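Single-structure report; data block below.
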Amino acid sequence: MNQEKPNMIQAALIGGVFLGVASALPILEWVNCACCVLVIGGGVLASYIYLRDYPKDVPAVTYGDGALLGIFTGLVGGLVWTIVEVPLAYLKLRLGLGMDDFAEIEELLNDPSIPPMAQELIKSIVAGGALSIGIIIIVAITHLVVSVIFACIGAIIGVVIFQPKAPGELQTFVNPGSPPPPPQNTPPEDYDRGDLN
Amino acid sequence: MRTTTSWLLATAALGWISLALFCPFAAHMEWTAAPFLYSLFTPVCHQSAARSLCLFAKPIAVCARCLGLYCGFWLGLVLFPLMPRLCKHLLVRPRLILLFTIPMCLDLLTHNTHASRYFSGLIASFPVALFVWVAAEQFGTSLHRFARRST
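Residue numbers (our numbering), protein chains in the order written: chain Z, 298 to 494; chain A, 3 to 153.
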């Protein structure tokens, strides 16, 4: 049996690009308000692509593989999301759209209850408008964190749904840290003896 | 069997929920950080006040359904180690988790309330916690093996 699992980069790239572009596009981005469904969908899509042509002569895919695939997908997606969103935000500003956020910030800066130090910090962040380095870094970090967490969960759900057979590495759950048993279609024998306790 | 991984995941999930619950408190106290704390949850939820539960007369940072999803996930991480039979059943038939999403799908299609949104979300995410836990265990084992091989 071939022990090398297929490369997951292609699936992660496709899932990540879908996640990033869909989350950044105006109007479509609002779908993410439904419990981050586009980000989770990116992870599920990556799993589907990875498992679609999964060879039969290699060890069965595990949920851990799904997690790794989700992390890659989330990293790609977070980057693409930022790369697509920044020029779009700049374009929106040029067209005079989305000015409500800036009105809120201006209100915040005029609030006397806010300490001067905090006001200076806010001013320095927004000094460059939508394209200031501060805002881009904050947006990129937020996108990366959200993408990695939710795409990871999405990819694991994808493995649950699209795996061709039950994963053989249940033993790692029963006794974490032990070497995994060879892949099989059914749970290990000792699984029935209540070893989970 | 509770493991370090399950504890870590449960702690992280509880931290995330606590942050969402802390936002209305910060807003109630009129702290400067409150709008920034709320904005952390903007990419993951619509934050509509009409669809969110309130604390201190201020909306929680995520809607009732999202709060239910997070709480269900945390509850799964806490309870699955105590329910080996259910773990086994779900691991053998993983696609059963789709059944847990039926209440949420029905709730989306019918007239819903704060309670129905919260509890349908809670039920939907409960079994996902098991698979995330298993994935984290397997991922940790793979990393451990990789580190041992490279030394």
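All C-beta atoms in this analysis are idealised placements derived from N, C-alpha and C, irrespective of residue type, glycine included. Fair warning: this is a prediction, and the values are worked out from it, not measured in the lab.
- Taking the CA atoms as reference points, P356 (chain Z) sits about 7 Å from K302 (chain Z).
- At a cut-off of 7 Å between beta carbons, V358 (chain Z) makes no contact with chain A.
- Using a Cβ-Cβ cut-off of 8 Å, R97 (chain A) is close to V457 and I458 of chain Z, given in chain order.
- Using a Cβ-Cβ cut-off of 7 Å, G363 (chain Z) counts as an interface residue toward chain A, since at least one Cβ of chain A sits closer than that to its own.
- A distance below 7 Å separates the beta carbons of A448 (chain Z) and G340 (chain Z).
- Within chain A, the residues V130, F133, V134 and A137 have their CB atoms less than 8 Å from the CB of I453 (chain Z), given in chain order.
- From the beta-carbon of V80 (chain A), no residue of chain Z is found nearer than 8 Å; the closest lies around 15 Å away.
- Nearest CB-CB separation between L88 (chain A) and chain Z: not below the 7 Å threshold.
- Among the residues of chain A, those whose CB is under 8 Å from the CB of I450 (chain Z) are V130 and V134, following chain order.
- For M31 (chain A), there is no enclosing alpha helix (DSSP H), as DSSP gives it neither H nor E.
- Proximity to C56 (chain A) across A:L69, A:P45 and A:T44 peaks at A:L69, based on C-alpha coordinates.
- With its beta carbon at least 7 Å from every one in chain Z, H113 (chain A) lies outside the interface.
- For D109 (chain A), the enclosing alpha helix (DSSP H) starts and ends at I104 to L111.
- The beta carbon of L101 (chain A) sits no closer than 7 Å to any beta carbon of chain Z.
- By the rule that beta-carbons nearer than 7 Å mark a contact, V314 (chain Z) does not touch chain A.
- Rounded to the nearest whole angstrom, the CA to CA distance from V358 (chain Z) to G317 (chain Z) is 25 Å.
- Cβ-Cβ distances below 7 Å link A35 (chain A) to A28 in the same chain, with the five nearest sequence neighbours on each side left out; the list follows chain order.
- With respect to chain A, the C-beta atom of V443 (chain Z) has a partner C-beta closer than 7 Å.
- Among the bridge pairs identified by DSSP, L57 (chain A) is matched with A:K60.
- Residues of chain A with a Cβ closer than 9 Å to the Cβ of T439 (chain Z) are, in chain order, S41, L42, T44 and P45.
- In the structure shown, N329 (chain Z) adopts helical secondary structure according to DSSP, grouped into three states.
- For N329 (chain Z), the chain A residues whose Cβ falls inside 8 Å of its Cβ are P45 and V46, in order along the chain.
- The DSSP-derived three-state label of V445 (chain Z) is helix.
- Contact annotation: A308 (chain Z) and Y347 (chain Z) have beta-carbon atoms nearer than 7 Å.
- Exclusion of the five residues before and after I19 (chain A) leaves L69, Y72, C73 and W76 as the residues of its chain whose Cβ lies within less than 8 Å of its Cβ.
- Within its own chain, the residues whose Cβ lies closer than 6 Å to the Cβ of A22 (chain A), once the five positions on either side in sequence are excluded, are I62, A63 and V64, listed in chain order.
- Chain-ordered, the chain Z residues with CB closer than 7 Å to the CB of F141 (chain A) read G361, A364 and L365.
- About 6 Å separates the beta carbon of V445 (chain Z) from that of L372 (chain Z), a gap short enough to meet the 8 Å contact definition.
- When the alpha-carbon of H440 (chain Z) is set against those of Z:L388, Z:Q460 and Z:S320, the nearest one is in Z:S320.
- Here the alpha carbon of V457 (chain Z) sits roughly 9 Å from the alpha carbon of L93 (chain A).
- Burial is judged here by how many other beta carbons sit within 10 angstroms of a residue's own beta carbon; S127 (chain A) has at least 16 and is buried.
- Straight through space, the alpha carbons of F102 (chain A) and P461 (chain Z) are spaced by roughly 21 Å.
- For S20 (chain A), not one C-beta of chain Z is nearer than 7 Å to its own C-beta.
- For R95 (chain A), the closest C-alpha among the options A:F121, A:P129 and A:D109 is that of A:P129.
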